[in-house]
Structures are given as C-alpha cells and as structure tokens.
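For reference, the structure discussed in these notes is given below.
Numbering (our numbering), first residue to last: 212 to 296.
This is how it looks when you write it as structure tokens:
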C-alpha cells in the first residue's frame with residue numbers, strides 16, 4: 212500500500228463484490244419500499260457514499276465511465292428527492 216492510499220480504500224478493495232452488490236440491492240429495495248422521508252433519506256445516504264467513491268476514483272476512470280456514473284448518480288438523487296417530497 213502506498214502512503215497516499217487510505218486504509219479504508221485498501222479494506223474496500225478486499226471486499227467481495229457480490230456481497231457489496233447484494234447489500235446495496237437490499238438497501239435500495241428497503242429505501243424504495245420504506246415510507247416517504249425515510250426511504251428518501253436512505254437513498255440520499257447511498258448517493259453520498261457514491262459521491263465519495265466517485266471523487267476518489269475520478270482520476271482513473273475513462274470519460275465514458277465518468278458520464279455513465281454521473282447519469283446514474285443524477286437518477287438516484289432524483290428518485291431520492293421525489294421520494295423525500
């Protein structure tokens with residue numbers, strides 16, 4: 212591990228991708244079926260985590276990947292705000 216790397220990032224790199232996918236899927240489903248403000252806040256929390264991850268990995272992503280991630284993040288925030296209000 213390089214000195215500039217975070218220990219959190221090193222731990223995230225070792226996490227099983229299937230586990231992360233299933234945990235995120237459960238979180239999204241709970242947020243979508245939860246009553247209005249609770250579900251909206253859960254989706255906004257997920258969006259905040261994705262923003263942190265995008266900021267961290269931005270320099271190493273291809274432009275096409277960046278655009279796709281921004282579109283998906285925008286959709287997630289739109290759904291969260293619609294559920295919140």
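Idealized CB from N, CA, C, for every residue including glycine.
All values reported here derive from a predicted model rather than from experimental measurement.
CA nearest to the CA of residue i, picked from the options
i: residue 294; options: 231, 225 and 248; result: 248
i: residue 261; options: 279, 245, 274 and 275; result: 279
Sequence-distant residues of its chain with Cβ nearer than 6 Å to residue i (five each side left out)
i: residue 288; result: 258
i: residue 231; result: none
Neighbourhood of residue i by C-beta, 8 Å cutoff - its chain only, sequence neighbours within 5 removed
i: residue 220; result: 267
Own chain residues within Cβ distance below 7 Å of residue i, not counting five before or after
i: residue 290; result: 254
i: residue 238; result: 253 and 257
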